[in-house]
Amino acid sequence: MNIHVNGESRGTGEGQTVAGLLRELDIRTDRVAVELNLEILDRNDFETRGLRDGDRVEILSFIGGGGY
Amino acid sequence: MTTMNDRLVIAGREFQSRLWVGTGKYKDFAETKKAIDASGADVVTVAVRRVNITDRTKENLLDYLDPKKYIILPNTAGCYTVEDAVRYARLARAAGVSDLVKLEVLGDEKTLFPDTAGLIEAAKILIKEGFIVLPYTNDDPIVAKKLVDIGCPAVMPLAAPIGSGLGIRNPYNLKIIMETVKVPIIVDAGVGTASDAALAMEYGADAVLMNTAIAGAQDPIAMAEAMKYAVWAGRLAYKAGRIPRKLYATASSPIEGML
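Below, the structure written as structure tokens:
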């Protein structure tokens, strides 16, 4: 199936979970926020939350910045 | 009085340092870390952005800034609408460990001045959701009071536009803010060099937050150290109480005993 991750189209396996996607991308779960179709997810739900075809996933973390 | 037992408390949290720093514009994370350590700051503000998913070799800022050692203060930098600022604040809380947020709602790309109407609206929403909102605001005493009235436990008025290095453009407004609100005041943005930071503290600010003044200096680590002492010196001078300004001289040596 195909999903959108941080604005880019990407294929992933059927039944993939949010946690599985993060592992696939080599991203540590303890430092990111995940927004799935505009819903901000609780980190504790990453393992159980399944992805569906066409889902829009945003993965964000902290970067250097003071004011804009 | 020493700087050691003169702690800043906001919303029941105790802060070690009265110098808060941003983490942007450094050459690399190693320099960021060195500068922050030289500044002595325990509060570091960070932005929230998309993770680079195509290049996973990029290091993570938090590999350098241990959240157990520093208080990570996420900001909503770059947000121009209430909706965006609220969204970024929620994402920051989801990515982090606390309810603290430095709230920015910007009004204009050229000045980066706050949209104070949007700021108040966004602050209301976030406070209702349990956030500890530290608002980046204009040097407007009325807006500062409104922010406090809706539940902000501190206000962060600007000294000058972000990154401008102009220093305190309106010291009289800042003094009025300090007189009219009873919460800590953190002067945020616009500081150019050590004397600006010292002056902010001498006026009675409770802390100063800066980024560009350190990161953009020719030697950021040396400037970070300069800022540490400037904030200390300014704070001590404020607590000590300066002499009044007078037009004419007053001799410091006695007349008595002169030939």
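Respectively, the protein sequence lines represent chains H and X.
If you count the first sequence from 1, position 41 lands on 40 in numbering that gives the first Met the number 0, and the numbers rise without skipping.
If you count the second sequence from 1, position 92 lands on 91 in numbering that gives the first Met the number 0, and the numbers rise without skipping.
We put the beta carbon where it would ideally sit given N, CA and C, even for glycine.
Since we're looking at a predicted model, the values are computed, not measured.
Pair within 9 Å by beta-carbon distance, residue i and residue j
i: residue 59 of chain H; j: residue 32 of chain H; result: yes
i: residue 192 of chain X; j: residue 225 of chain X; result: yes
i: residue 126 of chain X; j: residue 97 of chain X; result: no
i: residue 112 of chain X; j: residue 74 of chain X; result: no
i: residue 236 of chain X; j: residue 200 of chain X; result: yes
i: residue 37 of chain X; j: residue 220 of chain X; result: yes
i: residue 60 of chain X; j: residue 63 of chain H; result: yes
i: residue 14 of chain H; j: residue 2 of chain H; result: no
i: residue 106 of chain X; j: residue 66 of chain X; result: no
Own chain, CB closer than 6 Å to residue i, minus 5 neighbours either side, in chain order
i: residue 29 of chain H; result: none
i: residue 85 of chain X; result: 121, 124
i: residue 117 of chain X; result: 81, 104
i: residue 63 of chain X; result: 28, 32
i: residue 17 of chain H; result: 33, 45, 48
i: residue 0 of chain X; result: Residue confidence for residue 0 of chain X is low, a pLDDT of 48 falling below 50, so the modelled location carries little weight; the figure read from the coordinates is stated next. For residue 0 of chain X, where only same-chain residues beyond five positions count, the Cβ hits under 6 Å are 238.
i: residue 175 of chain X; result: 140
i: residue 194 of chain X; result: none
i: residue 13 of chain X; result: 6
i: residue 203 of chain X; result: 177, 237
i: residue 142 of chain X; result: 115, 136
i: residue 222 of chain X; result: 213, 216
i: residue 110 of chain X; result: 160
Beta-carbon proximity list for residue i, same chain, < 8 Å, skipping 5 on both sides
i: residue 262 of chain X; result: With chain X running from 0 to 258 in the structure shown, residue 262 of chain X is simply not present.
i: residue 253 of chain X; result: none
i: residue 147 of chain X; result: 154, 180, 181, 182
i: residue 100 of chain X; result: 72, 73, 74, 75, 88, 91, 92, 125, 130, 131, 132, 133
i: residue 61 of chain H; result: 30
Residue burial classification, residue i (beta-carbon count within 10 angstroms, cutoff 16)
i: residue 55 of chain H; result: exposed
i: residue 244 of chain X; result: exposed
i: residue 8 of chain H; result: exposed
i: residue 248 of chain X; result: exposed
i: residue 57 of chain H; result: buried
i: residue 145 of chain X; result: buried
i: residue 114 of chain X; result: buried
i: residue 246 of chain X; result: exposed
i: residue 39 of chain X; result: buried
i: residue 196 of chain X; result: buried
i: residue 198 of chain X; result: buried
i: residue 261 of chain X; result: The structure shown has nothing for residue 261 of chain X, since chain X only spans 0 to 258.
i: residue 27 of chain H; result: exposed
Min CB distance residue i to chain C below 9 Å
i: residue 25 of chain X; result: The chain inventory of the structure shown lacks chain C, comprising the protein chains H and X.
According to DSSP, residues forming a beta bridge with residue i
i: residue 17 of chain H; result: DSSP lists no partner for residue 17 of chain H.
i: residue 101 of chain X; result: X:74, X:133
i: residue 156 of chain X; result: X:136
i: residue 44 of chain X; result: X:21, X:72
i: residue 14 of chain X; result: X:7
i: residue 113 of chain X; result: X:105
i: residue 10 of chain H; result: H:1
i: residue 209 of chain X; result: X:20
i: residue 60 of chain H; result: X:48
i: residue 186 of chain X; result: X:207
i: residue 34 of chain H; result: H:39, H:57
i: residue 215 of chain X; result: None, per the DSSP bridge assignment.
i: residue 49 of chain H; result: H:16
Cutoff 7 Å; reference residue i; Cβ partners in own chain excluding five residues on either side
i: residue 165 of chain X; result: 159, 189, 191
i: residue 36 of chain H; result: 54, 55
i: residue 41 of chain X; result: 14, 15, 16, 69, 70
The region 187 to 204 of chain X touching the region 220 to 234 of chain X, judged by at least three CB pairs closer than 8 Å: Segments in contact, yes.
Contact the region 25 to 35 of chain X vs the region 79 to 86 of chain X: 3+ CB pairs below 8 Å: Cβ pair count under 8 Å is below three, so no.
Contact the region 202 to 216 of chain X vs the region 171 to 186 of chain X: 3+ CB pairs below 8 Å: Taking a contact to require three or more Cβ pairs closer than 8 Å, the region 202 to 216 of chain X and the region 171 to 186 of chain X qualify as touching.
Inter-stretch contact at 8 Å, needing at least 3 Cβ pairs: the region 4 to 19 of chain X / the region 46 to 53 of chain X: When Cβ pairs closer than 8 Å are counted between the two stretches, the region 4 to 19 of chain X is seen not to touch the region 46 to 53 of chain X, the count staying below three.
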